[in-house]
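*Asks:* One structure coming up, written as structure tokens, with questions to follow.
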Amino acid sequence: MQGTALELSQDLGIPYREIDYLAAGINHMAFYLRFERDGEDLYPRLRALAESGRFPTTTGCATSCCKHFGYFVTESSEHFAEYVPWFIKRDRPDLDRAVQRPARRVSALVRRADRGLGGRARVSSNAATRSTCSRSFEYAPTIIRSIETGKPRASTATSPTTASSTTCPRCTVEVPCLVDGNGVQPTHVGALPPQLAALIRTNVNVQELDRRGGAHRPREHVYHAAMLDPHTAAELDLDQIHALVDELIDAHGAWIPELS
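Given below as structure tokens:
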């Protein structure tokens, strides 16, 4: 969220510290509901850039989402393309280029996973090395610092909703939070624009089914989750998805809990 705000500020030619924004949604599918500087709404400029396609730093899938849905998603990288059905398709290299070649990035992740424990050991070693370098731009260190010291700060975190939520009942949302010695305290954002709420629910539905599959072990819910996943459904038919789930479960072996 903070990284994308920085990129957008650079695209607009405005210092990041002068940007004031409100964002909410779910992890990797949150949206900037407000993007301002000194009370000036910057969305007209953002939408004009999205229409023109002239964004120096932000990916094509994020700008396309703004162009068609009216709001910028906070996941600026091509990772957003994995949550929706429009940007990663076989035999569409033009789409790969538009979102900074997500297929190549995903392939790199798969190759890294294939290296197994050796790959994980290298990642751990790299993380240890990074800990001695400059401070991270991630939220976790500042959240921990505010909890430990009691110094309040505004941050963004995930929080469970209640059954009364009109947008996404009983799911985990990403909202602004007050962090201090009392812990992480989520704020109330309210209803999202209907098109954003509908887009978010496509992933909440998948996550709910997948959670049921993991918690109660019925294999059928894992199939259903994969069948309703927007990107998977855009590429495969129902029989192919069913077979894919079987192959993935078998390939992961003991890493996957036994499913009934």
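With the first letter of the sequence shown counted as 1, position 93 gets the number 98 in this note's numbering; the numbers rise by one all the way through. Backbone N, C-alpha and C define an ideal beta-carbon position, used for all residues, glycine too.
(1) Which first and last residues belong to the beta strand (DSSP E) in which Glu74 is found?
(2) By the 10 Å Cβ neighbour count, where 16 or more other Cβ atoms means buried, how is Thr9 classified, buried or exposed?
(3) Give the DSSP-derived three-state secondary structure of Arg127 in the structure shown.
(4) Under 8 angstroms between the Cβ atoms of Thr163 and Pro181?
(5) Give the range of the alpha helix (DSSP H) segment to which Ala55 is assigned.
(6) Which of the three DSSP states is assigned to Met232 in this structure?
(7) Grouping DSSP H, G and I as helix and E and B as strand, with all else coil, what is Val211?
(8) For Leu38 versus Leu54, is the C-beta distance shorter than 8 angstroms?
(9) Is the beta carbon of Ala86 less than 8 angstroms from the beta carbon of Cys66?
(10) Given His84, which residues of its chain have a CB within under 7 angstroms of its CB, disregarding the five upstream and five downstream residues?
(11) Using 8 angstroms as the Cβ pair cut-off and three pairs as the minimum, do the region 183-202 and the region 66-83 touch?
(12) So is Glu80 buried or exposed if we call it buried at 16+ other beta carbons inside 10 Å?
(13) Can you give me the Cβ contacts of Ser112 inside the same chain, cut-off strictly under 6 angstroms, excluding the 5 residues immediately before and after it?
(14) Tell me, which residues are paired with Pro181 by DSSP?
(15) Taking DSSP as the reference, what is the three-state secondary structure of Ala29?
(16) One question on the structure: do Leu183 and Pro157 come within less than 8 angstroms of each other, judged by their Cβ atoms?
(17) Go to Ala256, then tell me how far its alpha helix (DSSP H) extends in each direction, as first and last residue.
(18) Just confirm the distance between the C-beta atoms of His226 and Tyr88, as a whole number of angstroms; I'd bet it's less than 8 angstroms.
(19) Starting from Gly188, trace the beta strand (DSSP E) in both directions and tell me its first and last residue.
(20) What do you reckon, are the CB atoms on Val189 and Ile246 nearer than 8 angstroms?
(21) From which residue to which residue does the beta strand (DSSP E) around Arg150 run?
(22) With H, G and I counted as helix, E and B as strand and the rest as coil, what does DSSP make of Lys196?
*Replies:* Concretely, from the data shown:
(1) According to the sequence as given, residue 74 is Phe; it is not Glu. Where Phe74 is concerned, there is no enclosing beta strand (DSSP E), although the alpha helix (DSSP H) it sits in stretches over Gly65 to Phe74.
(2) buried
(3) Because the pLDDT at Arg127 is just 43, under 50, the model does not fix this residue reliably, and the value given afterwards should be weighed accordingly. Here Arg127 sits in helix by DSSP.
(4) no
(5) Tyr48 to Ser57
(6) helix
(7) helix
(8) no
(9) yes
(10) His33
(11) yes
(12) buried
(13) Low local confidence applies: a pLDDT of 47 at Ser112 is under 50, so the model's placement there is unreliable, with the coordinate-based value given in what follows. Cβ within range, chain order: n/a, list empty.
(14) Thr161
(15) strand
(16) yes
(17) Leu243 to His257
(18) Wrong, their Cβ atoms sit about 19 angstroms apart, outside the cutoff.
(19) Gly188 to Pro191
(20) no
(21) That residue, Arg150, is in no beta strand (DSSP E); its alpha helix (DSSP H) goes Ala145 to Thr154.
(22) The question names Lys, but residue 196 is Ala in the sequence shown. The answer is coil: DSSP assigns Ala196 none of H, G, I, E or B.
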